[in-house]
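Data block below; observations after.
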């Protein structure tokens, strides 16, 4: 496994990889969710590249950039064990050198949900992912369904910008008690960790209601809202029942697929989770 | 020479071209300026791709999109004669299908000059060029110095976004009387065509003054302004003496290189021209 930092080093190492190349973009502090993406890439591609970069431009001024968890030695051990070929760990100066001034904006699908709560977040995400794509030139790129809106934004960007690659979205990985894996779960104290299961439990309740025939979007949102608000340590930021491709909120009855998603503060930690109905 | 329209056709035809591939993006109605780009690409590259697309997103609502000149049969004859391998002529629907919503914004260098006069112009340019780059995947891309700010914007975008290609900027081509070649010159009536030589004559006057030792940016701008305003059919929109890379206006004395540029209405036709001093 080769580890590189600069663009020139990356391009030289990338040249030597057999096509097709799969790229797994990460912010490090890897968990089984990331590793499931790496395994998918390893299964489907001749070369596997993982990027580790805590992208400052996707964090708001009051967000957790300065305390975002990291453990690079552990990350590299895990990636080596998965048979990754190339790990790219750019510095902020490599990605955003002095005079940097170019941004990619995806419009409609970035407006609701996470985009409404985190202004500028998806501009930072789209920009850094476009840069990763251009630098690595993968044939496939792997993202987690955990960040459902991010997956929609990236797919939209790839289609709109004619990037010559396929976006692969892999299922959410969960702990045994249902909590969706996230690098930010480390922020939770034991009581919060227990309370945090309310996110996945509320999605299970929605799934059960759906399977029993409930098709009213508002009723499904209310199931989640009621369960979250009943948990003393949790505070609901938003709950959504939206079209999975456009992310437009569904009013009335669900006819096709629907993306149920939420953002919840558990203590000071902001968690997200989601479920697609009608798959 | 192969002519294609859709992305799928383009990708298939591009696959068959030998690397390195040179791309010459155009809006058609080709003149010797375009053909000089094609010849540079033909000299330096194994495969040559020319795109012809009148990009609506780089035109303002009151600009000349609906009357922009075109003569596709003539363009194809000229390109065939230059030994072009592949001509891509996408429709608006191919480039901007329903639901399209992704834009590339280059910031600082798009603010002055053409960017100040044509809001949104460089967003349209950067976006369509990024799409052309991703679709064609050239190793080199050719632009004319005639659109000096466009060349700076594209170079900045390529560097910032890590596009894996080299931007080649070719010199301005002029008619015998000095008028810079432009597809828009066809809008000029005979009297305007004669008056339009004032742009290049004013740049020659600046060059003469510079060679005589004049280094005051304001004095050089005034030479142009005075000559343009002395021409009854011409009206100066802006004149600039700026740093060629940042496009920041120079106040006081020129120390390094300087880009003298202007936009001038001759009758109803808007013309631009420029000169780099200190090369």
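Protein chains in written order, with the working numbering: chain A, 443 to 721; chain B, 443 to 721.
Note that beta-carbon positions come from the ideal geometry of N, C-alpha and C, so glycine has one too.
Since the structure is predicted, the reported quantities are computational estimates derived from the model, not experimental observations.
Sequence-distant residues of the same chain with beta carbon closer than 8 angstroms to residue i, five excluded per side
i                     : result
residue 477 (chain B) : 520 and 524
residue 444 (chain A) : 455, 527, 528 and 529
residue 578 (chain A) : 452, 456, 463, 465, 491, 493 and 530
residue 630 (chain B) : 638, 708, 709 and 711
Beta-carbon separation (whole angstroms), residue i vs residue j, contact threshold 8 angstroms
i                     : j                     : result
residue 544 (chain A) : residue 603 (chain B) : 6 angstroms
residue 463 (chain B) : residue 492 (chain B) : Their Cβ separation, rounded to whole angstroms, is 11 angstroms, which puts residue 463 (chain B) and residue 492 (chain B) out of contact at 8 angstroms.
residue 784 (chain A) : residue 716 (chain A) : A query on residue 784 (chain A) cannot be resolved here, the shown segment of chain A reaching from 443 to 721 and no further.
residue 713 (chain B) : residue 641 (chain B) : 6 angstroms
residue 551 (chain A) : residue 595 (chain A) : 6 angstroms
residue 536 (chain B) : residue 498 (chain B) : Not quite, the Cβ-Cβ distance comes to about 12 angstroms (not below 8 angstroms), so this is no contact.
residue 721 (chain A) : residue 675 (chain A) : About 31 angstroms separates the two Cβ atoms, so there is no contact after all.
residue 514 (chain B) : residue 470 (chain B) : 7 angstroms
residue 625 (chain B) : residue 473 (chain B) : 7 angstroms
residue 692 (chain B) : residue 684 (chain B) : 6 angstroms
residue 574 (chain B) : residue 465 (chain B) : 7 angstroms
residue 556 (chain B) : residue 705 (chain B) : 7 angstroms
residue 581 (chain B) : residue 621 (chain B) : Actually they are not in contact, since the Cβ atoms of residue 581 (chain B) and residue 621 (chain B) sit about 33 angstroms apart, beyond 8 angstroms.
Residue i, buried or exposed, once every other Cβ within 10 Å from all chains shown has been counted against 16
i                     : result
residue 699 (chain B) : exposed
residue 646 (chain B) : exposed
residue 708 (chain A) : buried
residue 517 (chain A) : buried
residue 527 (chain A) : buried
residue 690 (chain A) : exposed
residue 653 (chain A) : exposed
residue 500 (chain A) : buried
residue 568 (chain A) : buried
residue 576 (chain B) : buried
residue 475 (chain B) : buried
residue 468 (chain A) : buried
residue 509 (chain A) : exposed
residue 686 (chain A) : buried
residue 450 (chain A) : exposed
Own chain, CB closer than 7 angstroms to residue i, minus 5 neighbours either side, in chain order
i                     : result
residue 593 (chain B) : 585, 587 and 611
residue 532 (chain B) : 447 and 495
residue 511 (chain B) : 471, 625 and 628
residue 644 (chain A) : 665, 666, 669 and 670
residue 680 (chain B) : 555, 559, 704 and 705
residue 648 (chain A) : 662, 665, 666, 702 and 717
residue 656 (chain B) : 662
residue 540 (chain B) : none
residue 482 (chain A) : 584, 610 and 612
Those residues which DSSP pairs with residue i across a bridge
i                     : result
residue 691 (chain B) : B:684
residue 670 (chain B) : DSSP, once it has assigned bridges, lists no residue as partnering residue 670 (chain B).
residue 704 (chain B) : B:681 and B:715
residue 585 (chain A) : A:611
residue 616 (chain A) : A:622
residue 676 (chain B) : B:708
residue 658 (chain A) : A:695
residue 464 (chain B) : B:490 and B:582
Contacting residues, own chain, Cβ-Cβ under 6 angstroms from residue i (five flanking each side not counted)
i                     : result
residue 600 (chain B) : 609
residue 677 (chain B) : 707
residue 405 (chain A) : It is not possible to answer for residue 405 (chain A), since the shown part of chain A is limited to 443 through 721.
residue 613 (chain A) : 587
residue 673 (chain A) : 637 and 640
Residue i at chain D interface by Cβ criterion, 7 angstroms
i                     : result
residue 554 (chain B) : You won't find chain D in this structure, because its protein chains are A and B.
Q) Can you list, in chain order, the residues of the segment 593-609 of chain B whose Cβ is nearer than 7 angstroms to any Cβ on chain A? A) Per Cβ criterion, the list reads 598, 599, 602, 603, 604, 605 and 606.
Q) According to a CB-to-CB cut-off of less than 7 angstroms, which residues of the segment 560-590 of chain A neighbour chain B? A) 572, 573, 576, 577 and 579
Q: Output, in sequence order along the chain, the residues in the segment 533-544 of chain B whose CB is closer than 7 angstroms to any CB in chain A.
A: If the cut-off is 7 angstroms between Cβ atoms, the segment 533-544 of chain B has 542, 543 and 544 near chain A.
Q. Using a Cβ cut-off of 9 angstroms, which residues of the segment 544-555 of chain A contact any Cβ in chain B, in chain order?
A. 544, 545, 546, 547, 548, 549, 550, 551 and 552
Q.
Short of 8 angstroms Cβ to Cβ, which residues in the segment 447-459 of chain B face chain A?
A. 449 and 453
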